[in-house]
Every structure is written in C-alpha cells, then in structure tokens.
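Numbered per my numbering, the sequence shown spans residues 1422 to 1559.
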Amino acid sequence: MIPQTIEEKLLLKKVKPTAMRLMVMEFFEKTKTAVSLRQVEDHFDYSDMTTLYRTLNTFVENKILHTIEDGTGVKKYAKCIQGCECTVDDLHYHFHCIKCEETICLIEKKVKTFELPDGFEMLEANMVVKGTCLNCRH
Ligand SMILES: [Zn+2]
Ligand SMILES: [Zn+2]
Ligand SMILES: [Zn+2]
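Written as structure tokens, this is what we have:
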C-alpha cells in the first residue's frame, strides 16, 4: 500500500495520528530543507515546547524524520523518504549552504560503507558537505 494522506503515512509508521502529529507531519511534507526545533516552534507559534519536542522524538523513533548535525551546533530534522529504515544503508550526504544556512538531504548521494578496523561497528555518520547552493551562487 502506498500511503496517500498524511494520516496514512503516520499509521504506516505505527504512529497514532493525533492533531499535533498531523500538524507537524504536514509541515514537514511541505518543507524542503532540514529545520531546527526553533524553526518548527516559530512556524507553529507554539508555546508548549515539550509536546512539540516529544512529537519530533516520536517521529525520529518511528523513522519519519532523521536528525542531522550540520556543524551549526543545532540539531536539524528532515523528512525520511518512503521506506527509510534509518539504518546505515539509508545514510546519505547532506549539503549545508554557508550563505543561506539551509541544509538539505542529498538523498541520491548514499554514504558508501567503508571498512572500519576489525571490531568496529558503524552506527551513524554525519556526512555534511558545505558550500553555496544554487540560489546563493550569484
Ligand atoms: Zn530515515
Ligand atoms: Zn544558499
Ligand atoms: Zn537527510
């Protein structure tokens, strides 16, 4: 089944669609870049930070969102693509523009697993490419 509505998308990820969750999900459906907690908060003009934070955590746990550390010191959230299991195989590069400070997922650019020394296991990798995006190049 290919989920069509936001509600279906949440249910597919085993997340009960509450009003708050639907709202946050809708926001991420429309957002093309990675966003910080502060940006989500500003968007909703929402004072109950705890609920918002809990919603984001639930989304990360249920592989709806993944987090990115782009070197700005603030954790960013971005939507997972359909079928993402947030495993090492789903790791992809991110691009951080030093001018507009937007961070985007480069979904097509998979992080190739490379050999670690014996006994080491890769759990996550923060692959962030920095530069200027198309909009900021001129
Ligand atoms: Zn994911
Ligand atoms: Zn830019
Ligand atoms: Zn990403």
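Note that the Cβ used here is the ideal one computed from N, Cα and C, for glycine as well.
Start and end residues, beta strand (DSSP E) containing residue i
i: His1464; result: First-last for His1464: Leu1458 to Phe1465, but that is the alpha helix (DSSP H), not the beta strand (DSSP E).
Residue i versus residue j: straight-line alpha-carbon distance, rounded
i: Pro1538; j: Phe1480; result: 33 angstroms
i: Thr1454; j: Ile1525; result: 5 angstroms
i: Glu1428; j: Met1441; result: 12 angstroms
i: Met1548; j: His1513; result: 7 angstroms
i: His1559; j: Thr1553; result: 10 angstroms
i: Glu1450; j: Val1550; result: 24 angstroms
i: Ile1469; j: Asn1556; result: Correcting the residue type first, residue 1469 is Asp in the shown sequence and not Ile. C-alpha separation (whole angstroms): 34 angstroms.
i: Glu1536; j: Met1543; result: 9 angstroms
i: Cys1518; j: Val1456; result: 13 angstroms
i: Glu1523; j: Phe1541; result: 33 angstroms
i: Asp1511; j: Asp1466; result: 32 angstroms
i: Lys1435; j: Phe1448; result: 19 angstroms
In DSSP terms, what residue i is bridged to
i: Ile1489; result: Lys1497
i: Phe1516; result: Ile1525 and Val1550
i: Ala1455; result: Thr1524
i: Lys1531; result: His1513
Residue closest to residue i, alpha-carbon to alpha-carbon, out of the options
i: Thr1508; options: Gly1492, Lys1533 and Lys1497; result: Lys1533
i: Thr1472; options: Glu1429, Cys1501 and Val1445; result: Val1445
i: Tyr1498; options: Thr1488, Gly1492, Glu1506 and Gly1504; result: Thr1488
i: Phe1516; options: Gln1503, Lys1531 and Asp1510; result: Lys1531
i: Gln1460; options: Val1495, Pro1424 and Cys1557; result: Val1495
i: Leu1477; options: Glu1506, Lys1500 and Phe1541; result: Lys1500
i: Glu1506; options: Thr1452, Gln1425, Glu1545 and His1464; result: Glu1545
Own chain, CB closer than 6 angstroms to residue i, minus 5 neighbours either side, in chain order
i: Leu1443; result: Ile1427
i: Ile1502; result: Ile1528
Start and end residues, alpha helix (DSSP H) containing residue i
i: Tyr1436; result: Note that residue 1436 is Val in the sequence shown, not Tyr. Where Val1436 is concerned, there is no enclosing alpha helix (DSSP H), given that its DSSP letter is neither H nor E.
i: Asn1478; result: Met1470 to Glu1482
Close Cβ partners of residue i (< 8 angstroms) along its chain, the five nearest in sequence each way excluded
i: Leu1431; result: Lys1437, Pro1438, Arg1442, Leu1443, Met1446 and Ile1485
i: Glu1490; result: Lys1496, Lys1497, Asn1547 and Val1549
Neighbourhood of residue i by C-beta distance below 7 angstroms, restricted to the same chain and skipping five residues each side
i: Glu1462; result: Met1470 and Leu1473
i: Cys1521; result: Cys1554, Asn1556 and Cys1557
i: Asn1483; result: Lys1434, Lys1435 and Val1436
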